[in-house]
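S.K.: Here our numbering runs 1 ahead of the position in the sequence shown, where the first position is 1.
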Amino acid sequence: MKKMILVVDDEQTTCLLLENFLSKDFDVVTKSSGVEALAWLNNHLPDLIITDIQMPGMSGYELLKEVRLIGFHMHTPVVMLSANKESKERIKCYQLGAQDYLTKPFNPEELLEITKKNLFPIHYANVW
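Below you can see the structure in the form of structure tokens.
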């Protein structure tokens with residue numbers, strides 16, 4: 002059974018890009034808003050969440066805060082995506098409980114490695 006990844010981004014092109022790139026190895030579900038993602042999370046348990054920060058209605062920060070409050074999802078790894086390259090943004094994400102942070106445009110190979118690292122941490126520890 003494939004691991005499930007939830008992608009949350011208001012930009013349809015980003016969702017399609019991630020879905021096309023990651024769906025070879027993972028089951029990928031896309032949602033266009035944080036509110037939509039939270040509703041979906043009420044009935045599903047993804048293995049990883051990849052979310053944009055700048056979204057209307059509910060930012061990626063707010064989504065991350067909410068995910069960390071939900072018992073079943075409090076330990077789900079979260080990767081944040083943003084066009085902002087400032088380190089204070091990255092630090093804020095880590096302080097809120099994100100595992101990783103990638104700036105847009107991102108290298109798909111780097112995203113894949115970050116995805117694997119978060120889904121299979123023991124494998125990566127043994128490879129070293």
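Ideal Cβ placement from N, Cα and C applies to all residues, glycine included.
For the beta strand (DSSP E) containing T31, list its first residue and its last residue.
M.R.: Unbroken beta strand (DSSP E) run through T31: D28 to K32.
S.K.: Considering Cα atoms alone, identify which of D101, K25 and L103 is closest to M5.
M.R.: It is K25.
S.K.: Are there 16 or more other CB atoms within 10 angstroms of the CB of K89, so buried, or fewer, so exposed?
M.R.: Exposed, since its Cβ has fewer than 16 Cβ neighbours within 10 Å.
S.K.: Let's see if you can read the secondary structure: which residues bound the beta strand (DSSP E) around L7?
M.R.: Its beta strand (DSSP E) spans residues M5 to V9.
S.K.: To the nearest angstrom, how far is the alpha carbon of L19 from that of P122?
M.R.: Each residue's alpha carbon lies about 21 Å from the other.
S.K.: Give the list of continuous alpha helix (DSSP H) stretches no shorter than 4 residues that lie fully inside the segment 87-128.
M.R.: The segment 87-128 contains these whole alpha helix (DSSP H) runs: 88-97, 109-120 and 122-128.
S.K.: Helix or strand or just coil, what does DSSP make of V68?
M.R.: Of the three classes helix, strand and coil, the one that applies to V68 here is helix, per DSSP.
S.K.: Just to confirm, is the Cβ distance from G58 to S83 under 8 Å?
M.R.: No, Cβ-Cβ distance for G58 and S83 is not below 8 Å.
S.K.: Thinking C-beta only, is L65 closer than 8 Å to G98?
M.R.: Yes, these two residues count as a Cβ contact at 8 Å.
S.K.: Pull the bridge partners of V79 from the DSSP assignment, please.
M.R.: Beta-bridge pairing links V79 to I50.
S.K.: By Cβ distance, which residues of its chain are closer than 7 Å to M75, with the 5 residues on each side in sequence left out?
M.R.: For M75, where only same-chain residues beyond five positions count, the Cβ hits under 7 Å are R69.
S.K.: Going by beta carbon distance, what residues of the same chain come within less than 7 Å of W129, once the five residues before and after it are set aside?
M.R.: Note that W129 scores 48 on pLDDT, short of 50, meaning its location in the model is unreliable; the coordinates nonetheless yield the value given after this. Taken in chain order, the list of residues that qualify is empty.
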